[in-house]
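If you're matching positions, the sequence shown starts at 2 in the working numbering and goes up one per residue.
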Amino acid sequence: MLCLLCSIGTVAQEAYTVLTEADSTLTFYYDEMRGSRPGTSYSLNTGLTSPDWYRSRHKVSRAVFDPSFAAARPKSTFGWFYEMDNLTSITGIAYLNTSSVTYMTFMFSGCKSLDYIDLSGFDTSGVTDMMAMFQDCTSLTTLDVSGFNTENVTNLGSMFANCESLTLLDVSGFNTDNVVDMAAMFQDCRSLTALDVSGFNTGNVTDIYGMFNGCNSLKSIDVSGFNTANVTNMRAMFALCSSLTTLDLSGFNTENVTDMYGMFNGCNLLETICVGLGWCTDAVTESGMMFRGCTHLVGGQGTTYDADHVDVTYAHVDGGPSNPGYLTCGFNENDVNGDGEVNIADVNTIINSVLGNGCNSRADLNKDGEINIADINAIIDIILGDGCSR
């Protein structure tokens with residue numbers, strides 16, 4: 002009977018937070034003392050739902066993780082510090098065990114007064130969504146995410162968007178095999194002078210809208226290894242990257258892209274855009290302002306910027322005065338099918354294009370803006386040695 006009474010009186014441990022407005026502190030606990038603590042207490046949120054303390058976000062200037070919280074295993078940190086624009090410090094974050102967390106979406110987004118976050122203890126092996134995780138953290142100058150395990154992440158959209166004071170960011174170790182969304186990932190990271198994304202696997206990505214938009218201090222971006230076969234949206238991808246002088250897009254496959262609006266808008270120092278066999282704009286329906294302000298841009302045959310032609314009509318390899326374009330060829334133009342040789346297979350490829358099968362951009366061998374018998378004759382002449390093999 003005594004044991005039964007003891008069990009009835011036992012209070013289970015639980016994870017919760019307490020906001021004490023007197024000192025503007027939000028504290029995370031895992032114990033059985035919730036009912037006796039002064040302040041307003043909240044249960045942790047789950048899944049992709051906002052925490053209840055979000056309504057009091059502007060009252061928080063300090064966040065504290067109590068040592069007891071080390072025993073907690075939250076499954077979601079969605080929006081935990083979202084729009085806490087007065088938050089200046091997070092203490093004891095080493096007591097946050099993230100090994101069971103799936104969603105880190107909006108976790109620190111809008112923490113405009115926070116100038117440091119210790120992420121060294123974060124276990125992100127189970128995380129699938131990091132969308133806007135640090136978005137609008139405008140006071141951060143450095144952010145160490147080099148230890149992040151991103152192998153299960155599918156969404157990196159806006160992850161660092163508008164982190165305008167960041168001068169260092171190492172994402173070279175990110176595993177992006179499963180990522181579908183990279184839209185606005187680095188948008189308005191205006192202080193970054195270097196960014197290594199050369200190891201990114203983008204084979205599953207469909208949206209890279211505004212990925213580097215506003216990165217006006219980057220002098221180079223190595224996207225030569227990007228697989229864009231599944232991408233449909235490239236709107237404003239490099240817009241306002243005003244320090245870039247060259248772009249190597251020779252590995253881009255754009256056959257499924259429908260939106261290139263403002264893709265290079267405001268790249269006023271950009272001189273050369275190199276494209277490869279996969280470059281095709283047949284599916285593009287939105288292309289206004291694509292090259293607006295690219296006053297230094299010169300096509301491979303010498304075509305210069307014309308303010309009256311800033312849409313997709315000039316988004317092809319320059320064919321000279323008869324078919325002007327702003328792009329430079331990054332491949333053997335006569336190797337129409339891209340197999341490394343110029344032979345009868347290229348003749349067949351052009352014939353298929355004449356019949357309306359496949360993307361037409363590289364089958365226009367003589368660069369007159371049309372795919373017809375003249376292109377078939379041109380490739381035959383080249384094969385027979387009677388034409389110029391470029």
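Glycine included, every Cβ here is placed at the ideal spot set by N, Cα and C. All values reported here derive from a predicted model rather than from experimental measurement.
Using 9 angstroms as the threshold, is the C-beta distance between Val181 and Asp208 below it? The residue you call residue 181 lines up with position 180 of the sequence shown. The residue you call residue 208 lines up with position 207 of the sequence shown. Closer than 9 angstroms, so yes.
Could you tell me whether the segment 24 to 35 touches the segment 59 to 75, where touching means 3 or more Cβ pairs closer than 8 angstroms? A contact exists between the segment 24 to 35 and the segment 59 to 75.
Inspect the beta-carbon positions of Gly326 and Gly301 and report whether they are closer than 9 angstroms. In the sequence shown, residue 326 corresponds to position 325, counting from 1. In the sequence shown, residue 301 corresponds to position 300, counting from 1. Yes, the Cβ-Cβ distance between Gly326 and Gly301 is below 9 angstroms.
CA nearest to the CA of Asp24, picked from Gln14, Thr41, Glu33 and Ser37: Translated into positions along the sequence shown, residue 24 becomes position 23. Checking every option, the nearest Cα to that of Asp24 belongs to Thr41.
For Val19, which three-state DSSP category applies? One-based indexing of the sequence shown puts residue 19 at position 18. Strand, per DSSP.
Counting pairs of beta carbons, one from the segment 335 to 353 and one from the segment 311 to 323, are three or more of them closer than 8 angstroms? Counting Cβ pairs under 8 angstroms, fewer than three are found: no touch.
By DSSP, does Arg56 sit in helix, in strand, or in coil? One-based indexing of the sequence shown puts residue 56 at position 55. Note: Arg56 maps to helix in three-state DSSP.
Should Gly158 and Ala184 be called a contact, given that it needs their Cβ atoms to be closer than 9 angstroms? For the purposes of this step, residue 158 is taken as the residue at position 157 of the sequence shown. For the purposes of this step, residue 184 is taken as the residue at position 183 of the sequence shown. Contact flag set, yes.
Enumerate in chain order the residues of its own chain whose CB-to-CB distance from Ile222 is below 8 angstroms, with the five nearest sequence positions on each side excluded. One-based indexing of the sequence shown puts residue 222 at position 221. So the list reads Leu196, Val198, Phe213, Cys216, Phe239, Cys242, Leu245 and Leu248, once near-sequence residues are dropped.
Backbone secondary structure at Asp319 - three-state DSSP: On the sequence shown, residue 319 is found 318 positions in, with the first residue counted as 1. Coil.
Which value, in whole angstroms, describes the spacing of the CA atoms of Ser126 and Val285? As a position in the sequence shown, residue 126 is number 125, starting the count at 1. As a position in the sequence shown, residue 285 is number 284, starting the count at 1. The alpha-carbon of Ser126 is positioned some 37 angstroms away from that of Val285.
With burial defined as no fewer than 16 other Cβ atoms inside 10 Å of the residue's Cβ, what is the status of Ser8: buried or exposed? On the sequence shown, residue 8 is found 7 positions in, with the first residue counted as 1. Confidence at Ser8 is low in this model, with a pLDDT of 47, below 50, so its placement is unreliable and the value that follows should be read with caution. So Ser8 counts as exposed.
Leaving out five residues on either side along the sequence, give the residues of the same chain with a beta carbon under 7 angstroms from the beta carbon of Asn163. Taking the first residue of the sequence shown as 1, we reach residue 163 at position 162. Contacts found: Gln136, Asp137, Thr139, Gln188 and Asp189.
In whole angstroms, give me the CA-to-CA distance for Phe82 and Ser147. In the sequence shown, counting from the first residue as 1, residue 82 sits at position 81. In the sequence shown, counting from the first residue as 1, residue 147 sits at position 146. When rounded, the distance between both Cα atoms is 22 angstroms.
Please classify Tyr210: does DSSP put it in a helix, a strand, or coil? Here residue 210 refers to the residue found at position 209 of the sequence shown. Three-state result, Tyr210: coil.
Same chain only: Cβ atoms within 6 angstroms of Asp130, ignoring 5 sequence neighbours per side: Position 129 of the sequence shown, counted from the first residue, corresponds to residue 130. Within the same chain, and ignoring the five residues on either side of Asp130 in sequence, the residues whose Cβ sits closer than 6 angstroms to its Cβ are Tyr104, Thr106 and Asn156.
Buried/exposed call for Val12, threshold 16 Cβ in 10 Å: The residue labelled residue 12 in the question sits at position 11 within the sequence shown. Classification of Val12: exposed, given that the 10 Å Cβ count is below 16.
According to DSSP, what are the bridge partners of Ala95? Mapped onto the sequence shown, residue 95 falls at position 94. Note: Ala95 sits in no beta bridge, so no partner.
Cut-off 8 angstroms between Cβ atoms - residues of its own chain near Glu165, not counting five sequence neighbours on either side: Position 164 of the sequence shown, counted from the first residue, corresponds to residue 165. Here the set comprises Thr139, Asp189, Cys190, Arg191 and Ser192.
Distance CB(Asn266)-CB(Thr233) smaller than 9 angstroms: Sequence index remark: in the sequence shown, residue 266 carries index 265 (1-based). Sequence index remark: in the sequence shown, residue 233 carries index 232 (1-based). Result no, Cβ atoms of Asn266 and Thr233 do not sit closer than 9 angstroms.
Could you please give the first and the last residue of the uninterrupted beta strand (DSSP E) stretch that includes Ala64? Counting from one through the sequence shown, the residue named residue 64 turns up at place 63. Segment Arg63 to Phe66, the beta strand (DSSP E) holding Ala64.
Give the single residue among Ser100, Lys368, Thr177 and Phe161 whose Cα lies nearest to the Cα of Phe109. Position 108 of the sequence shown, counting from 1, holds the residue named residue 109. Selected option, being the one with the closest Cα: Phe161.
If the criterion is Cβ atoms closer than 9 angstroms, does the pair Gly122 and Ile94 meet it? In the sequence shown, counting from the first residue as 1, residue 122 sits at position 121. In the sequence shown, counting from the first residue as 1, residue 94 sits at position 93. Result yes, Cβ atoms of Gly122 and Ile94 sit closer than 9 angstroms.
Alpha helix (DSSP H) segment containing Asp116, residue limits: Taking the sequence shown and counting its residues from 1, one reaches residue 116 at position 115. Counting along the chain, Asp116 falls outside any alpha helix (DSSP H), and DSSP gives it neither H nor E.
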